[in-house]
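Reviewing the structure listed below.
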Amino acid sequence: MWVSKLRYETVIGLEVHVELKTKAKLWCGCSTQFGAEPNTQVCPVCLGLPGGLPILNKKAVELALTTGLALNCVLAEDCRFDRKHYFYPDLPKGYQITQFYQPIGREGWLEVEFADGPRRVRIKEIHLEEEAGRTYHLPPGPDGVAASLLDYNRSGIPLLEIVTAPELSSPEQARVFLEELKAVLECLEVSDAKMEEGSFRCDANLSVRRPGEELGKRVELKNLNSFRAIEAGLVYEEGRQRALLAKGEPLRGEEVRAWDEEKGITVYMREKEQAADYRYFPEPEIPAFVLVGDWIEALRTNLPEIPLEKRRRYREVYQLATADAALLSRRKAEAAFFEATLQYYQGGAQTVANWILGELTRLMKETKKEVADLPFSAEDFAALLNFQDQKVISSKIAKAVLAEMFRTGTEPAAIIEQRGWQQITDPSAVKMLVRETLAANSSAVQDYLGGKQKAFAFFVGDVMRKSKGRANPELLNEILRAELERCRSVGNREYQGDKQ
Ligand SMILES: [Zn+2]
Numbered sequence: 002m003w004v005s006k007l008r009y010e011t012v013i014g015l016e017v018h019v020e021l022k023t024k025a026k027l028w029c030g031c032s033t034q035f036g037a038e039p040n041t042q043v044c045p046v047c048l049g050l051p052g053g054l055p056i057l058n059k060k061a062v063e064l065a066l067t068t069g070l071a072l073n074c075v076l077a078e079d080c081r082f083d084r085k086h087y088f089y090p091d092l093p094k095g096y097q098i099t100q101f102y103q104p105i106g107r108e109g110w111l112e113v114e115f116a117d118g119p120r121r122v123r124i125k126e127i128h129l130e131e132e133a134g135r136t137y138h139l140p141p142g143p144d145g146v147a148a149s150l151l152d153y154n155r156s157g158i159p160l161l162e163i164v165t166a167p168e169l170s171s172p173e174q175a176r177v178f179l180e181e182l183k184a185v186l187e188c189l190e191v192s193d194a195k196m197e198e199g200s201f202r203c204d205a206n207l208s209v210r211r212p213g214e215e216l217g218k219r220v221e222l223k224n225l226n227s228f229r230a231i232e233a234g235l236v237y238e239e240g241r242q243r244a245l246l247a248k249g250e251p252l253r254g255e256e257v258r259a260w261d262e263e264k265g266i267t268v269y270m271r272e273k274e275q276a277a278d279y280r281y282f283p284e285p286e287i288p289a290f291v292l293v294g295d296w297i298e299a300l301r302t303n304l305p306e307i308p309l310e311k312r313r314r315y316r317e318v319y320q321l322a323t324a325d326a327a328l329l330s331r332r333k334a335e336a337a338f339f340e341a342t343l344q345y346y347q348g349g350a351q352t353v354a355n356w357i358l359g360e361l362t363r364l365m366k367e368t369k370k371e372v373a374d375l376p377f378s379a380e381d382f383a384a385l386l387n388f389q390d391q392k393v394i395s396s397k398i399a400k401a402v403l404a405e406m407f408r409t410g411t412e413p414a415a416i417i418e419q420r421g422w423q424q425i426t427d428p429s430a431v432k433m434l435v436r437e438t439l440a441a442n443s444s445a446v447q448d449y450l451g452g453k454q455k456a457f458a459f460f461v462g463d464v465m466r467k468s469k470g471r472a473n474p475e476l477l478n479e480i481l482r483a484e485l486e487r488c489r490s491v492g493n494r495e496y497q498g499d500k501q
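Residue 501, in the working numbering, is where the sequence shown stops; the numbers in between run on with no holes.
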């Protein structure tokens, strides 16, 4: 069949490297703080000097186990490490300590809501290993000599590698999966998961095949430094491999290619190594040890609600709009603030979500602040929304009150009182304002009576200006309409206002 010849399937598997959030490195007490002066957070152990003995950081194992539990992995009964040999200047020992024969977790899954519905993506394994240092390549100086600088601050930071089964079928799916995984890691507080600081990195393996055929030769893509780069790099590579297949020139060997962000292409780096190239063997300096069931059960009990569960609860229990539930479930602090506010708020949950994702997020972005920096409580925030619902203030004034709460931390009731921002809900007061406006704009009144509907909004605006936004909008509309009808009945005489 000619159709099947033209159709291809894309198969993507991901290898995600996550720096675990420990204070000390994996084998020594050096700090893991990001951004320090180069080579100031090092010691004989993480510099790989002869005689340095590694001592395992228990916290790193705990964070790896927590991740394994959340990713539904089968956890290893004992914990072992192996040496992976390769030579590179940022790896001073000449080998990396990793877990090859017995990863800490295997056969897990993460459920992800893709565009075409939810699906479990299988996690092949997760394993603990150490970070390498960092190499900075400098361009040639005036003497024409290029140089490379090495920083070992990162050397020995605990790293968790998460490997998916090759079952993502498009670049978009790969991105959506990674966004979900990042949200899970943030929610578990096992990693900062910041792509821009390198604490969340991804290599992707992509191959294409005709349906029903065996997996094609893989290309490993590197240098994918943002979610956008991941998707764009995979889209390019998918197209390149399909074009080769269409020409009858499938890949001869497996290779590693780098994404060139500027040129928008992938560039050949080297042939892909096979496991045998690394001469793995068990690490003799770290004895294997048993992972106690009680410890794991305690970690399981303390697992927080993962984003997917939270999203479903927000949709089902609070009837939040799908997009809002998705946004909130991925922002842990905002979600906690949302739920705390609901305890004091008498209105609907969607209103709270709208305010948090709208005005509050806008203020926080503008001032580069986070929920933890807010100078007011969820109770105050709920009080503000209650004032709005009870029509003590209009929604426009509510925004102004929030801005002041944000700036000063003052309670909303005090702000409204001090500023005299209560809504005018007394009909006779509103009527007076309306009549003033109509009397001062008699030609606009004639226009309106002549059919120019737009004048109505002008009158509303004028009254609002005069009342400094305090006139109750529904009352104003109602009274304005009635007064204009009164003008019509008075005839085409010039409107003089109320003379009674
Ligand atoms: Zn050290």
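We put the CB at the ideal spot given by N, CA and C, even for glycine. All values reported here derive from a predicted model rather than from experimental measurement.
Which same chain residues, not among the five before or five after residue i, have their C-beta less than 7 Å away from its C-beta?
{"i": "Ile307", "result": "Ala71, Val185 and Cys188"}
{"i": "Cys80", "result": "Val62, Ile105, Ala289, Phe290 and Leu292"}
{"i": "Trp3", "result": "Model confidence at Trp3 stands at a pLDDT of 46, short of 50, so the residue's coordinates are unreliable; what they give is reported in the following sentence. None."}
{"i": "Asp465", "result": "The question names Asp, yet the displayed sequence has Met at residue 465. Taken in chain order, the residues that qualify are Ala472."}
{"i": "Ala205", "result": "Ile13, Leu15, Ala175, Leu222, Leu225, Ile231 and Leu235"}
{"i": "Leu246", "result": "Tyr9 and Val209"}
{"i": "Tyr237", "result": "Gly265, Ile266 and Thr267"}
{"i": "His128", "result": "Thr99, Gln100, Pro104, Ile105 and Glu162"}
Residue i: which of the options sits nearest, CA to CA?
{"i": "Glu263", "options": "Ala299, Ser395 and Leu225", "result": "Leu225"}
{"i": "Leu27", "options": "Leu54, Gln391, Arg241 and Glu16", "result": "Leu54"}
{"i": "Tyr315", "options": "Ala334, Pro376, Glu340 and Thr302", "result": "Glu340"}
{"i": "Trp356", "options": "Leu385, Ser330 and Phe377", "result": "Leu385"}
{"i": "Gly421", "options": "Pro428, Glu437 and Ala399", "result": "Ala399"}
{"i": "Glu418", "options": "Val402, Pro159, Arg408 and Ala148", "result": "Val402"}
{"i": "Met270", "options": "Val220, Phe115 and Val12", "result": "Val220"}
{"i": "Pro172", "options": "Glu162, Tyr87 and Leu207", "result": "Leu207"}
{"i": "Pro413", "options": "Pro140, Ile425 and Val393", "result": "Val393"}
{"i": "Gly410", "options": "Tyr345, Cys488 and Ala379", "result": "Ala379"}
{"i": "Leu321", "options": "Pro305, Leu358 and Phe35", "result": "Leu358"}
{"i": "Gln34", "options": "Arg135, Arg489 and Ile158", "result": "Ile158"}
Given residue i, which residues of its chain have a CB within under 6 Å of its CB, disregarding the five upstream and five downstream residues?
{"i": "Tyr319", "result": "Ala350"}
{"i": "Leu150", "result": "Tyr137"}
{"i": "Gln501", "result": "Caution is warranted here: a pLDDT of 41 is assigned to Gln501, below 50, making its placement in the model unreliable, and the coordinate value is therefore given only provisionally. Closer than 6 Å at Cβ, skipping near neighbours: no residue."}
{"i": "Arg482", "result": "none"}
Which residues in the same chain have their Cβ closer than 8 Å to the Cβ of residue i, if we skip the five residues on either side of it in sequence?
{"i": "Tyr102", "result": "Arg81, Asp83, Tyr281 and Pro283"}
{"i": "Ala133", "result": "Tyr89, Asp91, Leu92, Gln97, Arg155 and Ser156"}
{"i": "Asn493", "result": "Its pLDDT being 48, under 50, Asn493 is placed unreliably in this model, and the value from its coordinates should be taken loosely. So the list reads Gln447 and Leu450, once near-sequence residues are dropped."}
{"i": "Ala259", "result": "Leu222, Lys223, Asn224, Thr267, Val268 and Met270"}
Please report the distance separating the alpha-carbon of residue i from that of residue j.
{"i": "Ser5", "j": "Pro212", "result": "Reliability of the predicted coordinates at Ser5 is poor, the pLDDT of 44 falling under 50, and the value obtained from them is presented with this limitation in mind. Roughly 8 Å separates the two Cα atoms."}
{"i": "Gly498", "j": "Leu439", "result": "Bear in mind that a pLDDT of 48 at Gly498, under 50, signals an unreliable position, so the model cannot answer this."}
{"i": "Asp261", "j": "Gln391", "result": "57 Å"}
{"i": "Val431", "j": "Ala472", "result": "7 Å"}
{"i": "Glu126", "j": "Val164", "result": "5 Å"}
{"i": "Lys333", "j": "Met365", "result": "15 Å"}
{"i": "Glu256", "j": "Lys85", "result": "20 Å"}
{"i": "His18", "j": "Phe201", "result": "6 Å"}
{"i": "Lys223", "j": "Glu190", "result": "26 Å"}
{"i": "Arg107", "j": "Arg121", "result": "15 Å"}
{"i": "Ala169", "j": "Ala404", "result": "According to the sequence as given, residue 169 is Leu; it is not Ala. Going from the Cα of Leu169 to the Cα of Ala404 covers about 44 Å."}
{"i": "Glu484", "j": "Arg436", "result": "8 Å"}
{"i": "Glu180", "j": "Val113", "result": "10 Å"}
{"i": "Lys183", "j": "Leu66", "result": "17 Å"}
{"i": "Asp295", "j": "Cys74", "result": "17 Å"}
{"i": "Trp110", "j": "Gly52", "result": "40 Å"}
{"i": "Glu250", "j": "Ala194", "result": "39 Å"}
{"i": "Ala148", "j": "Cys44", "result": "24 Å"}
{"i": "Glu78", "j": "Gly254", "result": "37 Å"}
{"i": "Glu479", "j": "Leu434", "result": "13 Å"}
Contiguous beta strand (DSSP E) assignments of at least 3 residues, all confined to the segment 186 to 270:
Correct list: 201 to 210, 220 to 225 and 256 to 261.
Along the chain, which unbroken stretches of the beta strand (DSSP E) at least 3 residues long are found entirely within the segment 356 to 443?
Within the segment 356 to 443, there are no complete beta strand (DSSP E) runs of at least 3 residues.
Please output, in chain order, the residues near ligand 1 using a CB cut-off of less than 5 Å to any non-hydrogen atom of the ligand.
Chain-ordered list of matching residues: Cys29, Cys31, Cys44, Val46 and Cys47.
Taking the runs of the beta strand (DSSP E) that are 3 residues or longer, which of them lie wholly in the segment 104 to 162?
Those beta strand (DSSP E) runs which fall completely within the segment 104 to 162 and span 3+ residues are 106 to 115, 118 to 131, 135 to 139 and 148 to 152.
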